[in-house]
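Numbering (the numbering used here), first residue to last: 836 to 905.
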């Protein structure tokens, strides 16, 4: 998947998470469920970025060896 496609997916996932949080503010009865959904969408966004950049979960560092291109 290209970098642009990944970023578009991340943008969409975060937009959905934002909508869930906004809906939770106006629907107190469903609030906890909507906030849980927002967390799930944010986790999807992070997972998408980690897959794209081949990061080890939790380290924030690339698992690829450094390049000697100068």
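By construction, the Cβ of each residue, glycine as well, lies at the ideal position given by its N, Cα and C atoms.
Asked                                                                                                                        : Found
Where residue 889 falls: helix, strand or coil (DSSP)                                                                        : coil
Delimiting residues of the alpha helix (DSSP H) encompassing residue 847                                                     : 838–861
Residues of its chain near residue 855, where Cβ-Cβ distance is below 8 Å and the 5 sequence neighbours each way are ignored : 869, 870, 872, 873, 876
Status (buried if at least 16 other CB within 10 Å, exposed otherwise) for residue 852                                       : buried
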